[in-house]
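Trainee:
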Amino acid sequence: MKKRRADELLYEQLALPSLELARALIMEGRVMRGDTKVLGPGEMLAADAALRVKGEIDHYVSRGAHKLRRALERFSIDLAHRTCIDVGASTGGFTDVMLRAGADRVYAVDVGYNLLDYTLRRDERVVVMERVNARFLDPEDFAEKPAFGATDVSFISLKAVLPAVFRVMQLDGRFVALVKPQFEAPAEDVGEKGVVRDARVHKRVLEDITGYVPETGWRLIGLDYSPIRGPEGNIEFLMDMAGPENHRTGMPVSIDEVLAQAYDNFFKSNKNACK
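Residue 270 in our numbering sits at position 269 of the sequence shown; the count goes up by one each step and never skips.
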């Protein structure tokens with residue numbers, strides 16, 4: 002019998018709004034074939050395999066929410082009763098996830114204005130920090146230092162953001178950063194429409210940014226790829242970092258393994274992968 006990718010089957014069977022949502026649900030470990038968990042978006046299944054999703058399909062304020070949701074699951078991060086910071090909040094996808102995960106307070110920081118979704122803007126747990134450049138964050142602007150943070154920023158390298166963010170964080174905190182290769186790689190390594198398609202460039206970017214983390218005084222304790230690609234098709238990655246007084250033992254980090262998994266899940270037997 003003909004076999005199909007799991008993400009394509011789920012997308013079609015549940016009439017989901019996007020193939021990326023199907024991938025995200027699978028990577029969150031919520032998609033089942035009978036009593037068996039589907040292991041990855043690229044898993045090849047019988048074309049008539051019946052798939053289901055455990056629990057309700059959440060509707061977040063932005064698609065980017067599934068990036069952080071994947072990180073919380075993959076890196077075993079508990080946000081119950083935590084104070085958090087969302088750097089580059091935009092419409093608030095990460096903020097939304099933090100609140101649903103039990104955060105007591107979220108500082109939503111963005112250099113822009115009037116971008117945050119209205120439902121989050123009026124939530125008393127959200128501290129809206131608009132027109133604030135993350136490079137110039139001041140500890141005095143925070144009533145309580147965040148124990149957890151996450152960032153999804155564009156048109157700037159993480160190297161310009163992380164040092165300032167870490168200054169306002171608790172020393173035993175955790176921080177997840179979305180790595181966007183098109184903003185970390187040299188211009189000559191970025192292709193048409195700002196898309197990085199070369200695995201060698203992806204590897205150099207990850208080696209460079211993960212090698213930079215110790216310079217900030219923090220440690221890299223986890224690495225994964227995002228279940229959702231950027232608007233133009235860029236593969237993105239998730240870094241989990243721990244502060245100098247956080248002694249958590251991280252998961253083994255292998256750039257080669259993460260890249261292999263990413264390419265396998267996005268491109269293996271998928272005619273739509275490069276679109």
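Ideal Cβ placement from N, Cα and C applies to all residues, glycine included.
Within the continuous alpha helix (DSSP H) that includes Lys204, where are the two ends?
Mentor: First-last of the alpha helix (DSSP H) with Lys204: 200–213.
Trainee: Mind reading off the beta-carbon distance from Leu121 to Gly89? Whole number of angstroms is fine, and I expect it under 8 Å.
Mentor: In fact, because the Cβ distance is near 14 Å, the residues do not count as touching under 8 Å.
Trainee: For the region 181–188 against the region 202–215, do three or more pairs of beta-carbon atoms, one drawn from each stretch, fall closer than 8 Å, so that the two count as touching?
Mentor: Output reads yes: the region 202–215 touches the region 181–188.
Trainee: What does the Cβ neighbour count give for Ser91, buried or exposed, with the cut at 16 atoms within 10 Å?
Mentor: Buried: at least 16 other Cβ atoms inside 10 Å.
Trainee: Taking the CB atoms as reference points, tell me whether Asp97 and Ala148 lie closer together than 7 Å.
Mentor: Going by C-beta atoms, Asp97 is not nearer than 7 Å to Ala148.
Trainee: Could you pull the DSSP bridge partners for Met240 from this structure?
Mentor: Beta-bridge pairing links Met240 to Ala178, Leu224.
Trainee: Please state whether the Cβ-Cβ distance between Val162 and Val169 is less than 7 Å.
Mentor: Contact: no.
Trainee: By alpha-carbon positions, which one of Gln171, Glu246, Ser77, Arg70 ends up nearest to Thr84?
Mentor: Closest option to Thr84, Cα to Cα, is Gln171.
Trainee: Helix, strand or coil for Ala7? Go by DSSP, reduced to three states.
Mentor: Three-state result, Ala7: helix.
Trainee: Should Gly223 and Met252 be called a contact, given that it needs their Cβ atoms to be closer than 7 Å?
Mentor: Result yes, Cβ atoms of Gly223 and Met252 sit closer than 7 Å.
Trainee: Identify which residue in Val197, Lys160, Glu189 has its Cα closest to the Cα of Trp219.
Mentor: Looking at the Cα atoms, Lys160 is the closest of the given residues.
Trainee: From the DSSP output, which residues share a beta bridge with Ile86?
Mentor: Its beta-bridge partners are Tyr108, Gly150.
Trainee: Measuring CA to CA, which of Ala102, Glu237, Ile236, Ala25 is closest to Ser77?
Mentor: Closest by alpha carbon: Ala102.
Trainee: Have a look at Asn247, Asp225, Gly113 and flag the residue whose alpha-carbon is nearest the alpha-carbon of Met28.
Mentor: The candidate whose alpha carbon is nearest that of Met28 is Asp225.
Trainee: In chain order, what residues of the same chain have a beta carbon less than 8 Å from the beta carbon of Arg126, not counting five sequence neighbours either side?
Mentor: Excluding sequence neighbours, Arg126 sits near Leu100, Ala104, Asp105, Arg106, Val107.
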